[in-house]
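Sequential numbering of the sequence shown, starting at 19, is according to the working numbering.
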Amino acid sequence: MTPTASAGRHRQASAVLATRLSANWEDSGRPASLQEHLARFPYGPPPRIADGGRLIEAVTQAGLTGRGGAGFPTGVKMRAVADRRGPAVVVLNGLESEPASAKDKMLLGRAPHLALDGAVLAAVAVGADEVDVCLPRNAGWLLATMHNAVTERARAGIDPVVVRLHDLPHGYVSSSETAVVNWLNGGPAKPVATPPRPFEKGVARRPTLLANAETLAHVALIGRFGSAWFRRLGTQDAPGSMLTTITGGVAATGVYEIEVGTPVGAALGLAEPHEHVRHVLIGGYFGTWHDLDSVGTVPLAGPALRKLGASPGAGVLVALPPGACGLIETARVLWWLAGQGAEQCGPCLFGLPAIADDFAQLAAGRPHGSPLDRLDRRLGTVSGRGACAHPDGAVRLARSALSAFAADAKAHASARRCLYAYRGSSQRAHVLPIPVPQGTDRWR
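Rendered as structure tokens:
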């Protein structure tokens, strides 16, 4: 899995593969048992008694940020929970509702005990007596894997806290922190207005630390190896490794563990992109489209991408294949996102469907009136006015598509197909996956 000659000038820098979280993943092609996990990490299971302050300080000094999308400093979150009164709760968020991402499922499906180690260590550090593991209800294999791992640990008696499994609805907004807390408290898996925030009053109104599976797996390794070890990879302002899902116009779709700060083009090169790939989606369905020439040498790291109005998000890179139309792909995602809102505010109920309809007209090249003018007005009206971040994420994606595919947008608005779409087969399969709707009870 190395960059190919067709990767082009944007992928001249070498990508750095890491084997921290992904150590020995390919050996058996199945979840590591507790015995295998302890043999792989011979320094032992999480201690029964840990110096929580030292672990929190180590995570803070390591510079670990959340790998679920928001990128918030993990040490700060841990300290905020530890400083509250009363017993806390830790939530391992394994829902991974981003359709283009498979990294957390891969991690939990190969190294379940590593993520559980991190959750238990974090629980001891922040003064929690309970770990809630939240998984998607429609992933039966993953639920079975984690059930087996939790059972193994209970039989071995290695965890000083209670670990519980939960299966949640798998909607796009259901994995947000407040939605998970609301569900655990008996409500629908919908985001709720804050304050109080989860670290103040979360599950059962107790201080609650929520972190995604990859983040907690990094906590486990920092707890064992320390902050200096963690910083041996990555950059000064974005240290460590990260899991990234690379899909689309590539020959080797998959989950790769790379050094944070690897140039976007070099990371994409690991998956052997097709010739003439010109555009890439960074961050997932709340992410942004970019011309690869303009971002190929930019580090895949939060600080560098923020300057471009982008973010690593859930660690997603999607290469747009030659012959595919970025406007059509974006229109499909916007249509799906319009149906994924929590139905709690006007921007979700009315704004997103209207934006999705305008974008569909634009993508089809059959506009009614001036969809570009309407989109400009509606995107500005919806932005920043939702009850949660869902409308803002959809607006971000739409705006980036109108910028990255500006020439195509003008052509489509004039009822002409874009030139880029003519380069490949009109029968090409769609690039971005759209999940099949679940049952009638989306929220409980």
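For glycine and all other residues, C-beta sits at the position ideal for the given N, C-alpha and C. Owing to the predicted nature of the structure, the values given are computational and were not obtained by experimental measurement.
Counting C-beta neighbours from all protein chains within 10 Å, is the total for residue 459 16 or more, i.e. buried, or is it exposed? The count along the sequence shown starts at 1 and reaches residue 459 at position 441. With fewer than 16 Cβ atoms within 10 Å of its Cβ, residue 459 is classed as exposed.
Cα separation between residue 351 and residue 315? Sequence index remark: in the sequence shown, residue 351 carries index 333 (1-based). Sequence index remark: in the sequence shown, residue 315 carries index 297 (1-based). Approximately 27 Å between the Cα atoms of the pair.
Using a Cβ-Cβ cut-off of 8 Å (strictly less than) and excluding sequence neighbours within five positions of residue 320, which residues of its own chain qualify? The count along the sequence shown starts at 1 and reaches residue 320 at position 302. Taken in chain order, the residues that qualify are 83, 89, 256, 329 and 330.
My understanding is that residue 189 touches residue 115, with C-beta atoms under 8 Å, so please give their C-beta distance in whole angstroms. For this step, residue 189 is matched to residue 171 along the sequence shown. For this step, residue 115 is matched to residue 97 along the sequence shown. With a Cβ gap of about 7 Å, residue 189 and residue 115 count as contacting.
Kindly identify the DSSP beta-bridge partner or partners of residue 274. Locating residue 274 in the sequence shown gives position 256, counting from the first residue. DSSP lists 262 as partners of residue 274.
Near residue 267, which residues of its chain fall below 8 Å by C-beta distance, leaving aside the five closest residues on each side in sequence? As a working mapping, residue 267 is identified with position 249 in the sequence shown. Excluding positions up to five away in sequence, the list reads 291, 292, 295, 337, 338, 339, 340, 342 and 449.
Beta strand (DSSP E) segment containing residue 147, residue limits: Locating residue 147 in the sequence shown gives position 129, where the first residue counts as 1. Run containing residue 147: 146 to 154, per the beta strand (DSSP E) assignment.
Cβ shell of residue 106 (< 7 Å), same chain only, five flanking positions each side left out: On the sequence shown, position 88 is the one that residue 106 refers to. Contacts found: 99, 144, 145, 146, 224, 225, 226 and 227.
Residue 357 to residue 279 span [Cα, whole Å]: Taking the first residue of the sequence shown as position 1, residue 357 is located at position 339. Taking the first residue of the sequence shown as position 1, residue 279 is located at position 261. Cα to Cα, the separation comes out at about 34 Å.
Can you give the beta carbon distance from residue 148 to residue 182, rounded, assuming they're within the 8 Å contact cut? As a first step, residue 148 is located in the sequence shown; it is residue number 130 there, counting from the start. As a first step, residue 182 is located in the sequence shown; it is residue number 164 there, counting from the start. Confirmed, Cβ separation roughly 7 Å.
In chain order, what residues of the same chain lie with their CB nearer than 7 Å to the CB of residue 199, ignoring the 5 residues before and after it? Here residue 199 corresponds to residue number 181 of the sequence shown, with the count starting at 1. So the qualifying residues of the chain are 216, 220, 221 and 226.
Based on Cα-Cα distance, which residue from 194, 202, 248 and 178 lies nearest to residue 76? Locating residue 76 in the sequence shown gives position 58, counting from the first residue. Of the candidates 194, 202, 248 and 178, the one whose C-alpha sits nearest the C-alpha of residue 76 is 248.
Rounded to whole angstroms, what's the CA-CA distance from residue 434 to residue 386? Just pull it up for me. Against the sequence shown, residue 434 aligns to sequence position 416. Against the sequence shown, residue 386 aligns to sequence position 368. Each residue's alpha carbon lies about 13 Å from the other.
How would you label residue 462, buried or exposed, when you count the other beta carbons within 10 angstroms and need 16 or more for buried? Position 444 of the sequence shown, counted from the start, is the residue given in the question as residue 462. Flag for residue 462 reads exposed.
Please find out if some non-hydrogen atom of the ligand HEM comes closer than 6 Å to the beta-carbon of residue 193. This structure simply doesn't include the ligand HEM, nor any ligand for that matter.
Express the C-alpha separation of residue 287 and residue 310 in angstroms, rounding to a whole number. Start at 1 with the first residue of the sequence shown, and residue 310 comes out as number 292. Start at 1 with the first residue of the sequence shown, and residue 287 comes out as number 269. Those two C-alpha atoms are separated by around 12 Å.
I want to know whether the stretch 416 to 423 touches the stretch 384 to 402 - three or more CB-CB distances under 8 Å. yes
According to DSSP, is residue 338 helix, strand or coil? As a working mapping, residue 338 is identified with position 320 in the sequence shown. Correct three-state label for residue 338: strand.
Beta-carbon proximity list for residue 390, same chain, < 6 Å, skipping 5 on both sides: By one-based count along the sequence shown, residue 390 stands at place 372. So the list reads 431, once near-sequence residues are dropped.
Note down the Cα distance separating residue 214 from residue 44, rounded to an integer number of angstroms. Residue mapping note: residue 214 aligns to position 196 of the sequence shown, counting from 1. Residue mapping note: residue 44 aligns to position 26 of the sequence shown, counting from 1. Computed Cα separation, rounded: 43 Å.
For the alpha helix (DSSP H) holding residue 386, just list the boundary residues, first then last. Working through the sequence shown from its first residue, we reach residue 386 at position 368. Element bounds for residue 386: n/a, residue is neither H nor E.
State buried or exposed for residue 349, treating a residue as buried only when at least 16 other CB atoms are found within 10 Å of its CB. In the sequence shown, the residue the question calls residue 349 occupies position 331. The residue is buried, with at least 16 neighbouring Cβ atoms inside 10 Å.
Coil, strand or helix - residue 461 by DSSP: As a first step, residue 461 is located in the sequence shown; it is residue number 443 there, counting from the start. It is coil, neither helix nor strand.
Would you kindly report the start and end of the unbroken alpha helix (DSSP H) that includes residue 346? In the sequence shown, counting from the first residue as 1, residue 346 sits at position 328. From DSSP, the alpha helix (DSSP H) with residue 346 extends over 344 to 356.
Inter-residue spacing [alpha-carbon to alpha-carbon] between residue 369 and residue 404: On the sequence shown, position 351 is the one that residue 369 refers to. On the sequence shown, position 386 is the one that residue 404 refers to. Roughly 10 Å separates the two Cα atoms.
Residue 367, buried or exposed, once every other Cβ within 10 Å from all chains shown has been counted against 16: As a first step, residue 367 must be located in the sequence shown, where it is residue number 349. Counting Cβ neighbours within 10 Å, residue 367 comes out exposed, since fewer than 16 surround it.
Residue range of the alpha helix (DSSP H) that residue 323 falls in? Along the sequence shown, one-based indexing puts residue 323 at 305. It spans 320 to 324 - the alpha helix (DSSP H) in which residue 323 sits, taken as one unbroken run.
Residue ranges of each alpha helix (DSSP H) run of no fewer than 4 residues wholly in the stretch 108 to 176, ordered along the chain? 121 to 128, 130 to 144 and 158 to 174
So is residue 454 buried or exposed if we call it buried at 16+ other beta carbons inside 10 Å? Here residue 454 refers to the residue found at position 436 of the sequence shown. When all chains shown are included, residue 454 counts as exposed.
What are the boundary residues of the alpha helix (DSSP H) that residue 97 is part of? Stepping through the sequence shown from its first residue, residue 97 is reached at position 79. Start and end: 92 to 100.
What's the gap between the Cα of residue 169 and the Cα of residue 131? In the sequence shown, the residue the question calls residue 169 occupies position 151. In the sequence shown, the residue the question calls residue 131 occupies position 113. When rounded, the distance between both Cα atoms is 11 Å.
Quickly, what does DSSP pair residue 308 with across the bridge? List them, please. Reading the sequence shown from its first residue, position 290 is the one you call residue 308. For residue 308, which the question treats as bridged, DSSP gives the partners 298.
Are residue 187 and residue 197 close, meaning C-beta to C-beta below 7 Å? Against the sequence shown, residue 187 aligns to sequence position 169. Against the sequence shown, residue 197 aligns to sequence position 179. No.
Backbone CA spacing between residue 212 and residue 203 [nearest angstrom]: Position 194 of the sequence shown, counting from 1, holds the residue named residue 212. Position 185 of the sequence shown, counting from 1, holds the residue named residue 203. Roughly 15 Å between the two C-alpha positions.
Identify every residue that forms a DSSP beta bridge with residue 188. Numbered from its first residue, the sequence shown carries residue 188 at position 170. Answer is none; residue 188 lacks a bridge partner.
Measuring CB to CB, does residue 110 end up less than 7 Å from residue 129? Against the sequence shown, residue 110 aligns to sequence position 92. Against the sequence shown, residue 129 aligns to sequence position 111. Not in contact: residue 110 and residue 129 (Cβ atoms no closer than 7 Å).
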